[in-house]
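In full-length UniProt numbering, the protein residues as written are 1 to 675. Ideal Cβ positions, reconstructed from N, Cα and C, are used throughout, including at glycine. A quick note: this is a predicted structure, and the numbers were derived from the prediction, not measured.
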Amino acid sequence: MTRAVYIAAGEAGSNKGTVALGLVELLSRQVGTVGVFRPVVRAGREDALINTIRSRFQLALPYEAYAGVTYDEVHADVERAAGDVVARYRALAGRCDAVVVVGTDYTDVGAPTEFGFNARLAADLGTPVVNVVSGRGRTDARIGAAVELSARELAHHHARELAVVVTRAAGPLTLEHPTPVFVLPETPSLRAPAVADLLDACDGRLYLGERDGLGREASALMVGAMSLPGILDRLTEGAAVIIPSDRAAALLPGLIAAHTAPGFPALAAVVLTGGTDLPAPVERLLRGMTIPLPVIATDHDTFDTATRLSEVEGRFTPEAGGKIDTAVRLFAEHVDGPLLLERLDIAKTDVVTPLMFEYELLDRARARRRHIVLPEGEEPRILRAADTLLRRGVAELTLLGDEERIRVRAAQLGLDLADARVLSPFDAELRERFAQAYAEARAHKGMTVELARDTVTDVSYFGTLMVHTGMADGMVSGAAHTTAHTIRPAFEILRLGLVSSVFFMCLADRVLVYGDCAVNPDPSAEQLADIAIASARTAALFGVEPRIAMLSYSTGVSGAGADVDKVRAATELVRSRRPDLQVEGPIQYDAAVDPTVARAKMPDSRVAGRATVFVVPDLNTGNNLYKAVQRSAGAVAVGPVLQGLRKPVNDLSRGATVADIVTTVAVTAAQVRDD
């Protein structure tokens, strides 16, 4: 049976989008397929919140599946519209394990009766209601009165209140109420509009700059109605500067230069008003440059534009990644998720989707709040990932590089890295300390302090030595460096024994572990046994019950030859060293994963047909296996995750996305041992 919850607010500006995002993430951790449903949407354009949730949570259905009727249809015939809403909701619910229904936005249903309209829809859909009440500008008494009034309205329409969420509160709140009450504090960054919101509000177009900048938040507005020196003197961090287009030739180059210059605040955007084109030579000059911030052009005059933009409040869009991360973290920190799930009677499914695995990783990392060093501190993808990691509270971070360049670049990208530490690998005190530590660790190889002073300024060595000396718990690198450059220092300084790796292969309904597909070209039987034991340990660490399949080209006793004999010997070594582990080998892949094949080939095996950890006989087999499964089955591959080091260091692909970096940092933080 599909579980669902209806989010209803008693007024505009309640910030119920934060509640919607938080609830979808909460449910995504528990069940396989979550949907979002907007009973009423505007005609003529797609709903931003639907698309935000579709993008963020990788919802598979087309936009139309998540939308009900339009406001025009409600006005034309409210009874018929309500019936259509119910029919469309049921069609979606039949395809989902859980649905979050997000009520109307107080646009044009009619404010005096709109909450009652939502209450009635909730009753018709049979969904309990999360009652969202704004605390903005209200005393505790007035908040309490608003909660009671909306609760009575829900009861009048026979809708069940699941909980109350008070948003935009000035401080803690004590409120006696029959259902749980949660309080979300006012968070200024959630009110700040994205540049995309400003563009829409002034009917603008992106004139210069990249579309990536449209997700940047504008923390202030400024009308540039004076000379360039006067404007420069009054710039503030994150401001959107409005200037007349007929003065843009004189002002715009200076604003772009200020945005990139150390000592000046980074801007969110420049808005050109009046619809006048730049002089041809100036436009040709600017279009030949890389413009690091959005420049919007609008035909409205300066006063009209400033008025329109001053009325814009932040909303959620797919591009507003920072705002989304802030909202999700706010909900997680202030709402008792397990209590809500208990009241909804939602038990956790046995299915593990890629999204659920990602949440498990982030939860494990957040719970331990480890310190991770990112040596490639000037790489834009690393900066974006660091912003996401800090907003989500995944880990404490140190970035390596020139602090001024890193801070300026982050500001230009609209990122908040205030909580990140930045260190130079040429810091004199640390350079000397690390040179001593490296020389001591490599003395058996003839390393001296004099030679080490040069070596340790390399970012990979510097980061690894931070981990070695306890200044950081782990390291993630490789977005801009080769694998060898990233992991060589770890092999030299942090190696415990055989270093190997695993990939987590996230299929549609489960997570499998493949080792070793990245490090050891042709392991011996003893090394294969080490890889199997290490892979089982890693699997268990991340919540995968280890059932080990030692892969080969034959199953059981049916084959002979050096390769299969190696796997057979490795299997016996695992059994003798770790009799508590479930292991089978040699075994073919089909017998390891398919219960029907397993019954025919190894009917008495506890592993065959249900293996979760797959140990490949060599790198050639492993690298092809994981890539074949990744591409043919649409699996998400997380890794390689290194094993066999005293403290975790993990390598990124040079093609790594921001999401890949976030996941790898979470994995690294979760690998840190407590001893």
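In the structure shown, Asp212 adopts helical secondary structure according to DSSP, grouped into three states.
Assigned with DSSP and collapsed to three states, Gln58 falls in coil, not helix or strand. The beta carbon of Pro380 sits closer than 8 Å to the beta carbons of Arg409 and Leu413 from its chain, once the five residues preceding and following it are set aside; these are given in chain order. In the DSSP assignment, Gln582 is bridged to Arg547. A buried status is given to Glu153, since no fewer than 16 other beta-carbon atoms sit within 10 Å of its beta-carbon. Using a Cβ-Cβ distance cut-off of 8 Å, the stretch 340-359 and the stretch 41-55 are not in contact, since fewer than three pairs of beta carbons, one from each stretch, lie closer than that value.
When the Cα atoms are used, Phe491 and Ala484 turn out to be separated by approximately 10 Å. Under a 10 Å Cβ-count criterion, Phe117 is classified as buried, with 16 or more other Cβ atoms of the shown protein chains found around its own Cβ. With a cutoff of 8 Å on beta-carbon distance, Ala192 and Ala218 are scored as near each other. Looking only at Thr273, Ser524, Arg80 and Ala540, the smallest Cα-Cα distance to Val511 is reached by Ala540.
Only exposed fits His444, as fewer than 16 other CB atoms lie within 10 angstroms of its CB. In this chain, the alpha helix (DSSP H) harbouring Thr113 covers Ala111 to Leu125.
Runs of the beta strand (DSSP E) spanning 3 or more residues and lying entirely within the stretch 125-212 occur at 129-134, 161-169, 181-185 and 205-208, in chain order.
Runs of the beta strand (DSSP E) lying entirely within the stretch 448-485, each at least 3 residues long, are 474-477 in chain order. Annotation for Pro39: the continuous beta strand (DSSP E) segment containing it runs Val34 to Val41. Taking 8 Å as the cut-off, the beta carbon of Val597 is found no closer than this to the beta carbon of Ala385. Relative to the Cα of Leu415, the nearest Cα in the group Arg391, Leu423 and Leu330 belongs to Arg391. For a cut-off of 8 Å, the C-beta gap from Val613 to Pro546 is around 5 Å, short enough to register as a contact. Apart from the 5 residues on each side of it in sequence, Leu26 sits with its Cβ closer than 6 Å to the Cβ of Gly337 in its chain, given in chain order.
In the three-state reduction of the DSSP assignment, Met602 falls in the coil class.
Taking the Cα positions, Ile143 is about 57 Å away from Arg431. Assignment of Met226 by DSSP, reduced to helix, strand and coil, places it in the coil class. Per DSSP, Arg88 is one residue of the alpha helix (DSSP H) stretching across Val78 to Ala93.
At the C-beta level, Phe462 and Ala637 stay beyond 8 Å of one another.
By a beta-carbon distance limit of 8 Å, Ser501 contacts Gly639. Their separation comes to about 6 Å. Secondary structure at His371: strand, using DSSP grouped into helix, strand and coil. A straight line joining the alpha-carbon of Leu399 with that of Val373 spans about 6 Å. When secondary structure is reduced to three states using DSSP, Leu400 falls in the strand class. The closest CA to that of Pro648, considering only Glu176, Pro521, Leu121 and Leu465, is found on Leu465. Contact between the stretch 271-290 and the stretch 163-180 is not established, with fewer than three Cβ pairs separated by less than 8 Å. Within the same chain, and ignoring the five residues on either side of Thr305 in sequence, the residues whose Cβ sits closer than 7 Å to its Cβ are Cys202, Ile242, Val271, Thr273 and Thr298.
Residue environment: Ser150 is assigned as buried (16 or more neighbouring CB atoms within 10 Å of its CB, all protein chains considered).
Ala170 and Leu361 have their C-alpha atoms roughly 33 Å apart. Residue pairing by DSSP places Phe614 opposite Tyr514 and Ala549 in a beta bridge. The Cβ atoms of Val519 and Ile548 lie no closer than 8 Å to each other. Excluding the 5 residues flanking it on each side, Arg421 has same chain C-beta neighbours closer than 6 Å at Thr398, in chain order.
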